[in-house]
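Number of protein chains: 2
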Amino acid sequence: MSENLDVIFYPRSVALIGASKDVGFYIDPISASRLGEKFFLINPSSSEVLGFKCYSSVLDVPEPVDYAIFAVPAKFVPEILEECGRKSVRVAHIYSSGFGETGLEEGRVLEEEVLRVAKSYGIRVIGPNCMGVYCPESGLFFSHNLPSEAGSVAFVSQSGGQAVNFAFDGVSRGFRFSKVVSYGNALDVDFIELVDYLAEDPKTSIIGAYVEGLRKTDSLLETLKKASERKPLVILKGGQTGDGARAAASHTGVLAGSAKIWEGFLKQVKAVRVETFEEMADVIVGFLYSFPPKGGGVSIVTTSGGSAVIHTDLCVKVGLTVPSFSEGTQRELRRIIPIAGASIRNPLDAWYAFQSGILPEALNIVSRDETIHSLIIEVQPGGFKAYTDRDPSVVDKFTTILGETCKKIMNEHSKPTLIAVTPSIYPEFEAKIKSTFQNMNLPVYQSIYDAAKTLSELHQYQLGRNLR
Amino acid sequence: MSENLDVIFYPRSVALIGASKDVGFYIDPISASRLGEKFFLINPSSSEVLGFKCYSSVLDVPEPVDYAIFAVPAKFVPEILEECGRKSVRVAHIYSSGFGETGLEEGRVLEEEVLRVAKSYGIRVIGPNCMGVYCPESGLFFSHNLPSEAGSVAFVSQSGGQAVNFAFDGVSRGFRFSKVVSYGNALDVDFIELVDYLAEDPKTSIIGAYVEGLRKTDSLLETLKKASERKPLVILKGGQTGDGARAAASHTGVLAGSAKIWEGFLKQVKAVRVETFEEMADVIVGFLYSFPPKGGGVSIVTTSGGSAVIHTDLCVKVGLTVPSFSEGTQRELRRIIPIAGASIRNPLDAWYAFQSGILPEALNIVSRDETIHSLIIEVQPGGFKAYTDRDPSVVDKFTTILGETCKKIMNEHSKPTLIAVTPSIYPEFEAKIKSTFQNMNLPVYQSIYDAAKTLSELHQYQLGRNLR
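What follows is the structure, encoded as structure tokens:
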């Protein structure tokens with residue numbers, strides 16, 4: 001079944017039906033991609049849109065068309081789908097809304113009509129009421145300004161807006177996508193089939209999903225189980241509360257299902273369940289650029305004593321521990337950090353170590369401590385600013401050395417080492433520090449708290465797998 | 469008792485003992501402030517630091533000195549404090565560390581000595597091991613780049629790093645300070661006395677506090693109660709867990725006290741308790757630029773259906789409700805939003821309203837609904853970018869009109885109206901939108917979730933007050 005989905009990610013040619021400048025977010029990036037030569041615009045009343053030639057019907061396109069994007073009013077979709085059938089189009093992505101999600105009888109009737117026509121020609125339908133596919137490898141885009149570089153994260157979303165937002169979250173969080181699919185009302189291609197395909201997709205190493213509800217639930221359990229056995233599956237379930245389920249019904253016209261049932265499901269299949277898209281990105285960054293810790297003992301490394309205290313509390317609250325270093329570790333640290341005021345227990349007060357350049361050595365000592373299974377290092381851009389103002393190269397040097405030390409700890413000691421770059425009033429400077437670490441493929445977070453929540457999720461995930 | 473503290477915020481003259489470029493964060497900003505003419509540097513081995521004249525002893529200063537900042541090694545403090553006593557100095561802020569927080573006997577002995585000398589001359593001591601005071605009104609600063617403009621937020625912090633960080637949080641979150649005090653080891657001036665003073669301070673409308681533990685607890689309950697009756701008191705307690713209490717002992721040398729005792733305390737005095745500095749800033753923004761809602765019913769206004777669903781769940785989880793609009797409201801909305809696909813229940817799908825310019829009218833209709841006690845409006849900078857690229861003035865116009873509508877709803881309908889400007893990949897553009905709203909004194913948040921948590925906190929706070 002899922003083999004057929006190759007064509008929705010790797011079409012040889014694409015037509016945009018209802019081309020206008022309002023859907024420039026398809027026209028501009030697809031035209032500029034490797035699909036550009038095989039991308040055809042259809043508009044019966046214009047010969048040109050945004051500088052590109054238009055055909056008046058898909059039937060006029062002089063070459064075969066694999067994939068058609070529908071950006072026409074809902075009521076015209078069935079008739080044009082007929083034309084696509086005659087043209088042997090294999091995939092119809094219906095961007096248009098005005099179907100089942102309206103809650104109106106006419107929307108539901110239109111959906112049935114679309115499904116009937118699609119079935120009669122063997123056309124697979126994505127949507128309606130969705131953004132479709134972003135697959136940088138093949139050249140499919142659903143927004144301006146998305147990277148053309150591919151990565152290994154797949155993201156499946158019932159919401160179009162969140163599909164686009166999360167694609168951009170990848171940019172700011174330092175990861176790239178194999179495939180993103182916004183599948184909207186899920187008239188045909190649905191959550192289950194997509195997850196089934198992505199579980200087998202060699203280009204995908206981790207699957208994120210935002211789901212509101214399902215039309216069909218056959219094989220849900222087996223599919224999620226299989227996917228989760230092959231790669232991490234991170235799920236955000238929308239419509240968990242009564243008010244939320246009502247909102248979901250307005251949004252994609254599906255029943256959200258009971259929160260309890262989903263909770264049990266996700267636990268049973270050992271998926272990672274998150275509550276926000278920030279957490280989704282945090283967990284993905286954790287799996288991509290780190291790995292589950294072997295235990296819950298974490299070392300916090302920070303230049304701020306207050307941050308050390310607060311974040312120790314927060315680490316404990318999310319289920320980790322911040323144990324005192326062993327006496328041996330403390331002895332070794334005291335040798336290189338001879339300052340009475342600096343804590344060498346845990347959290348490690350890194351101010352002296354940072355200033356005197358011995359931070360890598362201190363981190364190495366900490367990483368050898370057996371009570372410590374992971375490290376979180378806080379970098380406060382505001383604190384660095386004074387140093388940069390004096391000598392701009394200082395920070396580059398520091399971030400590079402720190403980044404290399406973190407990689408070494410992860411490689412040699414198999415201990416996840418996460419970096420928290422905290423918000424500051426210097427957004428550009430902060431962005432530069434972040435991207436230096438991200439370009440080294442390191443796990444970067446916005447706070448020790450976010451990093452700790454991720455470590456806890458990853459640890460729980462690993463415990464669940466060990467029980468299999 | 470608290471009257472005496474005036475001098476720690478409004479000294480007529482300041483000496484920095486141990487002036488060097490390492491404490492340029494005091495020298496540069498205080499020199500440039502209204503205290504500049506009465507700011508004296510002391511260093512026995514240099515005649516000049518950073519371009520400013522140095523005296524070799526505080527006794528050589530030709531004028532009276534009210535306030536001395538100690539930036540000398542701990543062991544020299546008692547002797548120099550004697551000199552300050554002879555000079556009739558009234559406040560000694562001891563920036564130096566190396567006292568009780570080291571956990572060493574010699575540190576404790578030094579503290580006792582400092583206290584003895586201070587008492588014998590009637591000198592009030594701030595610290596040791598702290599950043600001291602930031603009071604833009606009088607000209608006291610503890611960092612470069614802090615605003616010289618004053619506001620009405622006071623912040624009291626046992627941690628120096630967090631005092632500085634939070635002062636900058638004010639910059640990014642759009643509020644200003646009356647006073648910030650980092651009081652470190654609290655040898656003399658302590659948390660209780662500071663809160664007592666700030667409760668009476670006419671320049672302060674809200675008090676935030678970060679506290680790890682107390683040396684004395686006499687009058688704690690009465691002081692917090694009194695303060696909390698006069699103005700909102702927002703407290704972050706560090707060292708709540710066992711590991712956290714141990715970290716606090718390393719940090720400021722105090723016993724953190726049982727989490728349970730503090731929890732009961734804060735509940736009894738009706739303080740708002742927060743877990744992170746982000747929450748602290750969120751709540752402060754809520755009190756400053758909004759007010760507690762009269763009930764838990766919130767309307768979410770967003771252009772993203774997925775965001776509507778997720779955030780409805782999150783609002784419910786934090787104790788709010790997202791009720792359906794009344795039939796009358798729905799009828800009125802349907803008249804101006806004639807699009808079948810747009811939800812006019814709640815959350816309100818604002819895409820059509822935004823595009824057609826009727827968003828202010830739609831918000832006014834919503835604000836008249838009796839089931840709705842507050843509104844959260846999500847603004848996604850990424851979604852606007854395409855509009856700005858075509859016409860840069862569009863966004864300015866939109867944010868101004870939206871901002872004015874929010875103010876109107878708050879003034880005329882007494883319903884808190886919070887704006888969530890979500891993160892994007894356009895940091896400058898995002899910052900511009902944020903600051904437009906902030907400059908209008910509107911409550912701006914990073915997500916609907918953060919705004920909802922704040923509304924819930926404010927609602928609980930008001931319920932607590934009503935019970936008095």
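Read top to bottom, the protein sequences are chains C and F.
1 is the number of the first residue of the first sequence in my numbering; add one for each residue after it.
469 is the number of the first residue of the second sequence in my numbering; add one for each residue after it.
Cβ atoms here follow ideal geometry from the backbone N, Cα and C, with glycine treated the same way.
Whole angstroms is fine: what's the gap from residue i's alpha carbon to residue j's?
i	j	result
C:Ser-157	C:Pro-128	13 Å
F:Lys-735	C:Tyr-95	52 Å
C:Gly-383	C:Gly-139	42 Å
F:Pro-479	F:Gly-676	23 Å
C:Gly-357	C:Pro-232	38 Å
F:Arg-714	C:Ser-324	9 Å
F:Arg-558	F:Leu-473	10 Å
F:Thr-570	F:Ala-631	20 Å
F:Ser-882	F:Asp-750	20 Å
F:Arg-641	F:Val-648	16 Å
F:Ala-727	F:Gly-707	8 Å
C:Leu-220	F:Leu-688	57 Å
F:Pro-541	F:Glu-551	16 Å
C:Leu-514	C:Thr-302	Since the first and last residues shown for chain C are 1 and 468, residue 514 of chain C lies out of range.
C:Ser-393	C:Thr-400	11 Å
C:Ser-45	C:Glu-112	28 Å
C:Arg-368	C:Tyr-352	20 Å
Around the Cβ of residue i, are there at least 16 other Cβ atoms within 10 angstroms (buried) or fewer (exposed)?
i	result
C:Thr-223	buried
F:Thr-890	buried
F:Pro-911	buried
F:Phe-544	exposed
F:Val-577	exposed
F:Thr-922	buried
C:Pro-381	buried
F:Ser-588	exposed
C:Asp-201	buried
C:Gly-18	buried
F:Ser-627	buried
F:Lys-762	exposed
C:Asp-349	buried
C:Asp-313	buried
F:Pro-806	exposed
F:Glu-925	buried
C:Thr-241	buried
Sort the options by Cα distance to residue i and report the nearest one.
i	options	result
C:Tyr-183	C:Lys-216, C:Glu-149, C:Val-133 and C:Ile-261	C:Val-133
F:Cys-603	F:Phe-905, F:Thr-685 and F:Ala-622	F:Ala-622
F:Tyr-894	F:Met-599, F:Thr-856, F:Glu-880 and F:Glu-569	F:Thr-856
C:Gly-244	F:Val-766, F:Glu-795 and F:Leu-704	F:Val-766
F:Cys-783	C:Arg-334, C:His-311, C:Leu-35 and C:Glu-275	C:Glu-275
C:Val-189	C:Glu-370, C:Ala-92 and C:Ala-227	C:Ala-92
Assuming residue i contacts residue j under a Cβ cut-off of 8 Å, what Cβ separation, rounded to an integer in Å, is found between them?
i	j	result
C:Ser-307	C:Ile-448	7 Å
C:Gly-403	C:Thr-436	7 Å
F:Ile-845	F:Ala-888	7 Å
C:Ile-344	C:Gln-355	No, C:Ile-344 and C:Gln-355 are not in contact; Cβ-Cβ is about 15 Å, not under 8 Å.
I need the DSSP call for residue i, collapsed to helix, strand or coil.
i	result
F:Ser-470	Only weak support exists for where F:Ser-470 lies, its pLDDT of 46 falling under 50; the coordinates are left without a value.
C:Glu-370	coil
C:His-251	helix
C:Phe-191	helix
C:Tyr-426	coil
F:Ile-916	helix
F:Lys-555	coil
C:Phe-25	helix
C:Glu-212	coil
C:Tyr-10	coil
C:Gly-18	coil
C:Leu-233	strand
C:Asp-349	strand
For a test of your reading of the model: does the CB of residue i fall under 7 Å from any non-hydrogen atom of the ligand SAH? Yes or no.
i	result
C:Ser-367	With respect to the ligand SAH, the structure shown offers nothing to examine, as it has no ligands at all.
Just checking: is the beta-carbon of residue i within a distance shorter than 8 Å of some beta-carbon in chain D?
i	result
F:Arg-714	Protein chains C and F are contained in the structure displayed, whereas chain D is not.
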